[in-house]
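Structure first, commentary second.
Numbering (UniProt numbering), first residue to last: 1 to 111.
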């Protein structure tokens, strides 16, 4: 449908004949949408990518200070060193890796 038809439909300013012509199309669309919704409720998917977003990680002040100290000594630690830091600070390895990447980017911007 054109945008103007949709706007007229929503504002109830569509002519009677146009509304009658649109009714079967909209009814079929609505039935399909409701069926799809019922099926989704009946069998929820495990970890659907678009619906499950990882929460933002917040790093507490003591851990942040430790990370900053490690960064001052070595801004590009090896994978093994990142794993050791993560274990020592009780953080996920990926969180530590991303933190170092972000710090390097921050440092680049400040130059």
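Every residue, glycine too, gets a C-beta built ideally from N, C-alpha and C.
Check: Is residue 74 helix, strand or coil by DSSP?
Finding: coil
Item checked: 8 Å contact criterion, which residue 82 and residue 71 should meet: CB distance rounded -> Actually they are not in contact, since the Cβ atoms of residue 82 and residue 71 sit about 11 Å apart, beyond 8 Å.
Item checked: Nearest to residue 98 (by Cα), restricted to the options 58, 6, 12, 62 -> 58
Next item on the list: Would you mind sorting residue 6 into buried or exposed? The rule is 16 or more other CB atoms within 10 Å of its CB.
Entry: Exposed, by the Cβ-count rule.
Notebook entry, point to check: Which word fits residue 67, buried or exposed, when buried means at least 16 other C-beta atoms lie within 10 angstroms of its C-beta?
Noted result: buried
Margin query: Can you check which of these residues, 20, 63, 103, 30, is closest to residue 76 by C-alpha distance?
Written below: 103
Next item on the list: Compare the Cα-Cα distances from residue 54 to each of 95, 9, 64, 11 and report the closest residue.
Entry: 95
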